[in-house]
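Undergrad:
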Amino acid sequence: MKSGQRSAVSRDRLVPSDQQLKDKSPQPPFTKGGQGEIFLIIKFIIVTCLVTLLLSSRTFASDISLHGFIQGNYSVDTTTSNPDGKDFKWAEERAQLKLDASKDPFHLFLKTDAFYDHIDDASHLELREGYADYTSSSWDARIGRQIITWGLGDLIFINDVFPKDYEAFFSGRPLEYLKLGSDAVKIGLYPSFASSELIIIPFFEPNNFPDRKRFHMFDPMPLVTKREEEQPSSTLENTEIAFRVYRDVAGYDASLYYYRGFFRQPSMLPDSMTSPTKINLVYPELSVYGASLQGRALDGVLSLEAGYYDSREDRDGTDPMTPNSQGRFLIGYQRQMWEDFTIGLQYYGEYMYDYSEYEENVPPGFPQDKKHHDLASVRLTQLMIHQTLRLSFFSFYSPSDSDYLLNPEVKYNFSDSIWAAVGANVFGGGDEWDQFGSLDENDNVYVQVRYEF
Amino acid sequence: MIMFKINNLISRILIVCALCSMFCVLSFHAHALTAEEVVKKSQEAFFFQGKDFKARVMMKLISKGGQERVRELTMLRKNYGASGGEQKYFMYFYQPADVKDMTFMVYKYPAKDDDRWLFVPAINMVRRIAAQDKSSSFVGSDFTYEDVSGRDVEDDTHEIVKEEKLGANDCFVIKSTPKKADVDYSYKLSWIDKGNFLPLKDEYYDKKGELSRVFSAEEIKDVKGFPTVTKRIMKNLLSGHRTETTFTKADYNIGIEDNLFSERFLKQPPKKWTE
């Protein structure tokens, strides 16, 4: 099964799920999943009350700001229609409001999106972020829905174990939508010898993978249509913990990372190996131990990152349902070649531990993961006309699997408040179950237009 | 009679001596400063005054056709060591809307590349920026990074071409020629005020020897005893594009803490510095 999930189980970096086959129902306002719904509603009410209090007080009037944008975002198929016959991967108009309010030592921030989705013909309200900060001289705390970004990779994540929305990325949405908020408490401690962040996430949030109705993808068990997702329950024991400590070491930014929680990509658990009738989608336990280093070298910026993925439910590698433990590493290099032209190169590798145990247990007929999987990327960015025109090209290529992703984009700022971007996502190569090979029929051209205020 | 002659002689000698010493003093004063020293003093007055510095910077980028774009930021700078030494810069952006709340940090070192970090609030990410080319445009304006934070004196050969008045101000006119071809101009003429050593005008000549960019200090104010250029313009004569920069709320020696220049405060810039 591990191999059957091919691009799913062992790849929670930039991978569409093959098995998140459950239908997506439109999300109700301010919820992201089942578990944290009540908590979120309560939190929203509390935050709203606090903001109202602040707004009603003259003392704080100068510390409140309101910004946001109105945006159109459309992505049209260029290879073939969606599995459900529609021709757009994404088609929406969206408004975002960002409310900032602060009175030392507190700070409140709300980022809310309202949008109309033309593919599903439905409108939605989404709390992207909503948190309160407390800041003191040597420590600070942030409570609420927040976006957390760790690690050094450009679209490659080793120690960034926080929720992501790969559907957004593959659908040609602005890059910020690749990151999803975590409902978490973050505590920052800043003693003189090093800085640190402790993150406590009581409510599990999985990654969001492309919708089966919109994306053609490989499915190792297409006949088993009954699928049920089981997210880790919100118990004390299941509370995710992430810790990062960082400081300068001889001019380099050095970080150590620890995470204890779950894979955010589900594994498929059929009720029977021989004649399955139902598949449960479960999130196995995971711990990650990692480190990173970044600094100036070779006339550019050099990044090194590594992580050990401890698959706690399958430490001996014999369970074909659960990913094996892995070693992951990344080397990145970024350099400005001439004025306003930057090149970024990355090489990423994955090594599967206990490979022989995995091989022995792979169910017959399933495509098999490789012991070593790797990925190279290049990003070229040229700014022109006083940095108002940006030409960029990003590409992934996997030497081990021979599949690829190409993402050219042109972005132009018509004025300080209006910009538009046109780009394409082209997938291909490799086998039909490979990371980008499985997305072969999903090539799209996208447009983003935004008025920002 | 003899006494008179002797007295006359002595007084003549004294007059000659006085004239000689005056000439010596004057000539010594006039030639005391080499071109390098003038440039060094000018850098000191323009980029290194005070222990630290803060200003709200409004940049208007104006195209040939008159279209305006705005970049508004708070710039905080702290010196480490002597003038011409290491500096740290912290910038917080207010405008335009798509870069609001972004912060940018530079560790500037003499004779080696800067370290630069950028914080992108939409994804809550701090990342290092490759920064080899100091002559790149600063935020799309006609100013380069070097125009904003200075260029190493040793990177050019300097000569005093002449001394002349620019408006009412006596100036040294310095020709600075880059030793390496790492910039897009072949030489620069600077009019440096003999009194406060601020650059009042810079002319950049391109590789063909044509005047390509002109800097002018439009307004100089005294801030805590430091003469400060509070209004400046950089014009690109080839494209017709220009950038007008105004400093408001300029202040020196305000006690910027060392720990401001950190990932922690890039992500959450302290209100007291960004208001």
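Residue numbers (the numbering used here), protein chains in the order written: chain A, 385 to 837; chain B, 999 to 1273. C-beta atoms are modelled at their ideal positions from N, C-alpha and C, and glycine is treated no differently. Since the structure is predicted, the reported quantities are computational estimates derived from the model, not experimental observations.
Any C-beta of chain B within less than 7 angstroms: which residues of the region 674-686 of chain A qualify?
TA: Listed by position along the chain: Gln678, Arg680, Asp683, Gly684, Val685.
Undergrad: For Ser1139(B), which of Asn1257(B), Ala1030(B), Ala1043(B), Val1068(B) has the nearest alpha-carbon?
TA: For the purposes of this step, residue 1139(B) is taken as residue 141 along the second sequence, with counting starting at 1. The option with the nearest alpha carbon to Ser1139(B) is Val1068(B).
Undergrad: Might you give, ordered along the chain, the residues of its own chain that have their beta carbon closer than 6 angstroms to the beta carbon of His757(A), omitting 5 neighbours on each side?
TA: Start at 1 with the first residue of the first sequence, and residue 757(A) comes out as number 373. The residues are Glu734, Ser784.
Undergrad: Does DSSP put Pro1119(B) in a helix, a strand or coil?
TA: Residue mapping note: residue 1119(B) aligns to position 121 of the second sequence, counting from 1. It is helical.
Undergrad: Any idea if Ala516(A) is buried or exposed, counting beta-carbon neighbours within 10 angstroms, 16 or more meaning buried?
TA: For the purposes of this step, residue 516(A) is taken as the residue at position 132 of the first sequence. By the neighbour-count rule (16 or more Cβ atoms within 10 Å), Ala516(A) is buried.
Undergrad: Any idea what DSSP makes of Val746(A), helix, strand or coil?
TA: The residue you call residue 746(A) lines up with position 362 of the first sequence. In the structure shown, Val746(A) sits in coil (DSSP, three-state: anything other than H, G, I, E or B).
Undergrad: How should Asn708(A) be labelled, buried or exposed, when 16 other C-beta atoms within 10 angstroms of its C-beta is the threshold for buried?
TA: Counting from 1 along the first sequence, the entry for residue 708(A) is found at position 324. Answer is buried; the Cβ neighbour count reaches 16.
Undergrad: Can you confirm whether Arg719(A), when its beta carbon is compared against all beta carbons of chain B, has any partner nearer than 8 angstroms?
TA: Counting from one through the first sequence, the residue named residue 719(A) turns up at place 335. Yes, its Cβ sits closer than 8 angstroms to a Cβ of chain B.
Undergrad: If we cut at 8 angstroms on Cβ distances, does Ser837(A) have a partner in chain B?
TA: Here residue 837(A) is taken as the residue at index 453 of the first sequence, counted from 1. In the sequence as displayed, the identity of residue 837(A) is Phe instead of Ser. Yes, Phe837(A) lies at the interface with chain B (some Cβ there is under 8 angstroms from its Cβ).
Undergrad: Locate the beta strand (DSSP E) running through Ala1248(B), then write down its first and last residues.
TA: Counted from its first residue, the second sequence places residue 1248(B) at position 250. Note, Ala1248(B): beta strand (DSSP E), 1240-1250.
Undergrad: Could you give the C-beta distance for Lys1106(B) and Ser1040(B), rounded to a whole number, given that I count them as a contact under 8 angstroms?
TA: Residue numbering aside, residue 1106(B) sits at position 108 when the second sequence is read from its first letter. Residue numbering aside, residue 1040(B) sits at position 42 when the second sequence is read from its first letter. Not quite, the Cβ-Cβ distance comes to about 17 angstroms (not below 8 angstroms), so this is no contact.
Undergrad: Comparing C-alpha positions only, which one of Ile532(A), Asp787(A), Tyr796(A), Arg763(A) sits nearest to Arg774(A)?
TA: In the first sequence, the residue the question calls residue 774(A) occupies position 390. Out of Ile532(A), Asp787(A), Tyr796(A), Arg763(A), Tyr796(A) has the C-alpha closest to the C-alpha of Arg774(A).
Undergrad: Who are the neighbours of Leu1031(B) on chain A, taking C-beta pairs under 8 angstroms?
TA: Here residue 1031(B) refers to the residue found at position 33 when the second sequence is read from its first residue. Result: empty, since nearest Cβ-Cβ is about 34 angstroms, beyond 8 angstroms.
Undergrad: Indicate whether at least one CB of chain B lies closer than 8 angstroms to the CB of Gly572(A).
TA: Taking the first sequence and counting its residues from 1, one reaches residue 572(A) at position 188. Cβ-Cβ to chain B under 8 angstroms: yes for Gly572(A).
Undergrad: Excluding the 5 residues flanking Tyr667(A) on each side, which residues of the same chain have their C-beta closer than 8 angstroms to its C-beta?
TA: The residue you call residue 667(A) lines up with position 283 of the first sequence. The answer, listed in chain order, is Phe588, Pro590, Glu614, Gln615, Pro616, Phe646, Phe647, Arg648, Gln649, Pro650, Ser651.
Undergrad: For a minimum of 3 consecutive residues, which ranges assigned as the beta strand (DSSP E) are wholly contained in the region 693-743 of chain A?
TA: DSSP runs (the beta strand (DSSP E)) wholly in the region 693-743 of chain A: 710-722, 725-736.
Undergrad: Check the Cβ of Ile532(A) against every Cβ in chain B and list those closer than 8 angstroms, keeping chain order.
TA: Within the first sequence, the letter at position 148 stands for residue 532(A). Per Cβ cutoff of 8 angstroms: Asn1122.
Undergrad: Could you tell me the alpha carbon to alpha carbon distance between Glu476(A) and Ser1081(B), rounded to whole angstroms?
TA: Counting from one through the first sequence, the residue named residue 476(A) turns up at place 92. Counting from one through the second sequence, the residue named residue 1081(B) turns up at place 83. Roughly 55 angstroms separates the two Cα atoms.
Undergrad: Taking a cut of 7 angstroms between CB atoms, which residues from the region 1068-1089 of chain B lie near chain A?
TA: Cβ contacts with chain A: Val1068.
Undergrad: Whole angstroms is fine: what's the gap from Pro586(A)'s alpha carbon to Ala525(A)'s?
TA: As a first step, residue 586(A) must be located in the first sequence, where it is residue number 202. As a first step, residue 525(A) must be located in the first sequence, where it is residue number 141. Those two C-alpha atoms are separated by around 16 angstroms.
Undergrad: Kindly identify the DSSP beta-bridge partner or partners of Phe490(A).
TA: Within the first sequence, residue 490(A) is the residue found at index 106, counting from 1. According to DSSP, which records beta bridges pairwise, Phe490(A) is partnered with Lys487(A), Tyr518(A).
Undergrad: Once DSSP output is grouped into helix, strand and coil, what is the label at Thr496(A)?
TA: Start at 1 with the first residue of the first sequence, and residue 496(A) comes out as number 112. Thr496(A) falls in the strand class under three-state DSSP.
Undergrad: When you compare the CB of Glu1144(B) with every CB in chain A, is at least one pair closer than 8 angstroms?
TA: Counting from one through the second sequence, the residue named residue 1144(B) turns up at place 146. Glu1144(B) does not count as touching chain A.
Undergrad: Can you tell which of Asp1204(B), Glu1084(B), Asp1168(B) has the C-alpha that lies nearest to the C-alpha of Tyr992(B)?
TA: As shown, chain B starts at 999 and ends at 1273. That puts residue 992(B) outside it, with no answer to give.
Undergrad: Can you give the Cα-Cα distance for Glu612(A) and Thr661(A), rounded to whole angstroms?
TA: Taking the first residue of the first sequence as position 1, residue 612(A) is located at position 228. Taking the first residue of the first sequence as position 1, residue 661(A) is located at position 277. The straight-line gap from Cα to Cα measures roughly 11 angstroms.
Undergrad: Output needed in chain order: residues of the region 743-773 of chain A with a Cβ under 9 angstroms from some Cβ in chain B.
TA: Result list: Leu767, Ile769, His770, Gln771, Thr772.
Undergrad: Apart from the five residues just before and just after Met1123(B), which ones in its own chain have a Cβ nearer than 8 angstroms to its Cβ?
TA: On the second sequence, position 125 is the one that residue 1123(B) refers to. Contacts found: Phe1117.
Undergrad: How far does the beta strand (DSSP E) with Ala626(A) in it reach, from first residue to last?
TA: Within the first sequence, the letter at position 242 stands for residue 626(A). Looking at the DSSP string, the run of the beta strand (DSSP E) that includes Ala626(A) is 624-633.
Undergrad: How many angstroms separate the CA atom of Gln1266(B) from the CA atom of Thr463(A)?
TA: As a working note, residue 1266(B) is residue 268 in the second sequence. As a working note, residue 463(A) is residue 79 in the first sequence. So the alpha carbons of these two residues sit roughly 44 angstroms apart.
Undergrad: Return the bridge partner residues of Tyr636(A) from the DSSP annotation.
TA: Reading the first sequence from its first residue, position 252 is the one you call residue 636(A). Looking at the DSSP assignment, Tyr636(A) forms a beta bridge with Val633(A).
Undergrad: Can Ala498(A) and Leu492(A) be called in contact, C-beta distance under 8 angstroms?
TA: Here the question's residue 498(A) lines up with position 114 in the first sequence. Here the question's residue 492(A) lines up with position 108 in the first sequence. No.
Undergrad: Leaving aside the five residues before and after Thr1101(B) along the sequence, list all residues of the same chain whose C-beta is less than 6 angstroms from its C-beta, in chain order.
TA: Counted from its first residue, the second sequence places residue 1101(B) at position 103. Excluding sequence neighbours, Thr1101(B) sits near Tyr1090, Phe1117, Leu1264, Pro1267.
Undergrad: Please confirm whether any heavy atom of the ligand MN lies closer than 7 angstroms to the CB of Leu559(A).
TA: The ligand MN is absent from the structure shown, which contains no ligands of any kind.
Undergrad: Do Thr1228(B) and Ala1248(B) count as a contact pair if the criterion is CB distance below 8 angstroms?
TA: Stepping through the second sequence from its first residue, residue 1248(B) is reached at position 250. Stepping through the second sequence from its first residue, residue 1228(B) is reached at position 230. Yes. Within cutoff.
Undergrad: By Cβ distance, which residues of its chain are closer than 7 angstroms to Ser1061(B), with the 5 residues on each side in sequence left out?
TA: If you number the second sequence from 1, residue 1061(B) lands on position 63. Contacts found: His1239.
Undergrad: If you reduce the DSSP assignment to three classes, tell me which class His1027(B) lands in.
TA: Reading the second sequence from its first residue, position 29 is the one you call residue 1027(B). Note that His1027(B) has pLDDT 49, beneath the 50 cutoff, so the model's placement of it is unreliable and no number is given.
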